[in-house]
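Just add 209 to wherever you are in the sequence shown, counting from 1, and you've got our numbering.
Every residue gets a Cβ at the ideal spot worked out from N, C-alpha and C, and that includes glycine.
Computed from a predicted structure; not experimentally measured.
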Amino acid sequence: MVPRVLVVQPREALARTTGRVLRGAGFETTLVPDGDAAVRAAVTDPPAAVLVDLTLPVLDGWLVLSALGARRARPRLVAYAPPGDAARALALGADACVHDRGAAVAALRRVTAGALAPA
């Protein structure tokens, strides 16, 4: 089974490119444009991981991390965060912080390793 990643990115072209890169790396992707849609999607159909841009409009990435990071059964969380924001993102529940797509692929591979392995 292929790990599914929920990509939360408000900029459509960037979301499509990120989705394409992740699919090329062996992930299934679902793209959502905002934090509200991300929380709804992660709760109703939990992915293996969520890749969230912290600069989302309205319900920002910080609130998404806080909402999902506090859940008992939650997906793995990877935040697109500048290096200076990594400690805060980790404190809110992020499993990893990245600042480019290559690092995102590596972090998603690491946090989803074994997530779908047979029991």
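Original post:
Which first and last residues belong to the beta strand (DSSP E) in which residue 245 is found?
Top reply: No beta strand (DSSP E) contains residue 245, which is instead part of the alpha helix (DSSP H) from 244–253.
Subject >> Nearest to residue 266 (by Cα), restricted to the options 210, 319, 213 and 218 >> reply: It is 218.
Original post:
Nearest to residue 270 by CA position, among 288, 255, 307 and 282, is which residue?
Top reply: Measuring C-alpha to C-alpha distances from residue 270 to each of 288, 255, 307 and 282 identifies 288 as the nearest.
**OP:** Find out if the Cβ-Cβ distance for the pair residue 273, residue 305 is shorter than 8 Å.
**Re:** Here residue 273 is not near residue 305, since their CB atoms are 8 Å or more apart.
Original post:
Out of curiosity, what's the CA-to-CA distance linking residue 213 and residue 258?
Top reply: Spanning the two alpha carbons is a distance of roughly 7 Å.
Original post:
Nearest to residue 211 by CA position, among 233, 221 and 309, is which residue?
Top reply: Residue 233 holds the alpha-carbon nearest to the alpha-carbon of residue 211 among 233, 221 and 309.
Original post:
Under 8 Å between the Cβ atoms of residue 245 and residue 268?
Top reply: Taking 8 Å as the Cβ cut-off, residue 245 and residue 268 qualify as a contacting pair.
**OP:** Report the partner residues of residue 238 according to the DSSP bridge assignment.
**Re:** BP columns for residue 238 point to 214.
Subject >> Local Cβ density within 10 Å of residue 298, reported as buried at 16 or more and exposed below that >> reply: Residue 298 should be labelled buried.
**OP:** May I ask you to report which of helix, strand or coil DSSP gives residue 327?
**Re:** Only weak support exists for where residue 327 lies, its pLDDT of 37 falling under 50; the value from the coordinates is given anyway. DSSP places residue 327 in coil when its eight states are reduced to three.
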